[in-house]
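Below: the structure, in structure tokens.
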Amino acid sequence: MFEFFASLFGYLLSFLYNLINNYGIAIILFTIIIKLILIPLSINQQKTMKKSAKIQEKMKAIQFKYKNDPEKMNQEIMDLYKNEKMSPFSGCLTAIVQLLLLLSIFYLVKSPITYMEKIPTEDINKYVTQLQEEGREISKVYPEIDLIREYQWLKEKNPKDNNVEKLNIQMNFLGLDLSKIPQQNMTDYTVYVIPILYIISSFVSIRMTTAMQEKKKEKEKAVIEVGENQEEQKENEMDAVMQTNKMMSWMMPIMSISIAFVAPLGLALYWLISNILMILERIILDKAIAQED
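In terms of the working numbering, the sequence shown is residues 2 to 294.
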């Protein structure tokens, strides 16, 4: 399935690359287009989050009222979701889309001449064999990246092969080689520039999310009109939810950073631009949706 979407995304990335002849700029434009396509999903997610927060009070009241009758409690909670026109699994769609994008883009950047340039597998294997016979080192994980680096040699070896010309992908972007893999180039400081910027953008995104949650918590505390014991219990529940959300918000960046250090820099560039766009999107949508309430 991931290969299918990688191939689909490859058509778009190939079109953009052929338009501007720069892999880095093509990835940036590709990221912007993907983010624009996903805007309806983002708007729905923001609205769902706000709506979900509003029904938490009703849900807690149901849980307290039917704490000794789990069957009745579950039925009432399902009725609540139905009346509010919400699904308990509404947040799962976003998580699935994120995972789909994560792995599909990884496949695309890992094997650009398969998914972007559409070079047949038999030709790729032929080029790999030619390089191996010459004693040149080829990565088992990223053989296509090595083929791109060996473009000149392969062109001389296969002068009548039109597909070889497709290996000439311009990976240089602002002085950075997007084909490089941090793990394989530890002494080259340039391989850390994009991952570090991605880490900074992730930190900003997480801090922004945390700040929004804390603001929401203070707002909820301000309108609490319950007894002292109930208030303390409610505050503890809110703290537990915030801690869970905070932990979840760290999981995706940590996983992405781990992959970014063992993948070509093109992937880290995609995540960096995606993060920047997500921060801007979150600010704009949060204000826009707040005005609707």
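Here a beta-carbon is modelled for each residue, glycine too, at the ideal position from N, C-alpha and C.
Chain-order list of residues whose beta-carbon lies under 7 Å from that of residue i (same chain, five-residue window excluded)
{"i": "D162", "result": "none"}
{"i": "L104", "result": "F3"}
{"i": "E77", "result": "I63, Y67"}
Three-state class that DSSP yields for residue i in the structure shown
{"i": "F262", "result": "coil"}
{"i": "N186", "result": "coil"}
{"i": "D178", "result": "strand"}
{"i": "N126", "result": "helix"}
{"i": "N84", "result": "helix"}
{"i": "N173", "result": "strand"}
{"i": "I120", "result": "coil"}
{"i": "G25", "result": "helix"}
{"i": "L39", "result": "coil"}
{"i": "Y108", "result": "helix"}
{"i": "M2", "result": "coil"}
{"i": "I139", "result": "coil"}
{"i": "P71", "result": "helix"}
{"i": "D162", "result": "coil"}
{"i": "E151", "result": "coil"}
Contacts around residue i, its chain only, beta-carbon distance under 6 Å, and the 5 residues preceding and following it disregarded
{"i": "E1", "result": "Residue 1 lies beyond the residue range present for the chain, which begins at 2 and ends at 294; the question has no answer from this structure."}
{"i": "Y128", "result": "L148, L155"}
{"i": "S275", "result": "T32"}
{"i": "N186", "result": "V192"}
{"i": "Y152", "result": "L168, N169"}
{"i": "S140", "result": "D147"}
Residue burial classification, residue i (beta-carbon count within 10 angstroms, cutoff 16)
{"i": "I38", "result": "exposed"}
{"i": "A7", "result": "buried"}
{"i": "S259", "result": "exposed"}
{"i": "I21", "result": "exposed"}
{"i": "F174", "result": "buried"}
{"i": "A96", "result": "exposed"}
{"i": "L273", "result": "buried"}
{"i": "I125", "result": "buried"}
{"i": "S202", "result": "buried"}
{"i": "V263", "result": "exposed"}
{"i": "I284", "result": "exposed"}
{"i": "P196", "result": "buried"}
{"i": "V142", "result": "exposed"}
{"i": "A241", "result": "Confidence is the limiting factor: at A241 the pLDDT is only 47, short of 50, which leaves the residue's position unreliable and the question unanswerable from this model."}
Chain-order list of residues whose beta-carbon lies under 8 Å from that of residue i (same chain, five-residue window excluded)
{"i": "E282", "result": "K36, I40, S43"}
{"i": "V98", "result": "L39, L42"}
{"i": "I106", "result": "A7, F10, L268, Y271"}
{"i": "K68", "result": "M74"}
Residue from the options whose Cα sits closest to the Cα of residue i
{"i": "T115", "options": "L155, V165, M74", "result": "V165"}
{"i": "L81", "options": "L103, E138, Q64", "result": "Q64"}
{"i": "D287", "options": "V194, M209, K141", "result": "M209"}
{"i": "A261", "options": "Q184, I170, Q153, K66", "result": "Q184"}
{"i": "Q171", "options": "L17, Y12, F3, M2", "result": "L17"}
{"i": "I280", "options": "F204, V263, P265", "result": "F204"}
{"i": "N169", "options": "L13, F3, Y24", "result": "Y24"}
{"i": "L14", "options": "E72, I56, S112, K66", "result": "S112"}
{"i": "A289", "options": "F5, K48, Y12", "result": "K48"}
{"i": "I277", "options": "V194, S206, E77", "result": "S206"}
{"i": "Y190", "options": "K83, L266, I284", "result": "L266"}
{"i": "F5", "options": "E138, Q76, Y108", "result": "Y108"}
heavy atom of the ligand ATP below 7 Å from residue i C-beta
{"i": "I21", "result": "Ligands are entirely absent from the displayed structure, and the ligand ATP is therefore not among its contents."}
Under 8 Å: do the region 18–31 and the region 123–139 share three or more Cβ pairs, one atom per stretch?
With fewer than three CB-CB distances shorter than 8 Å, the region 18–31 does not count as touching the region 123–139.
The region 177–186 in contact with the region 144–152 per 3-pair CB rule at 8 Å:
The region 177–186 vs the region 144–152: in contact.
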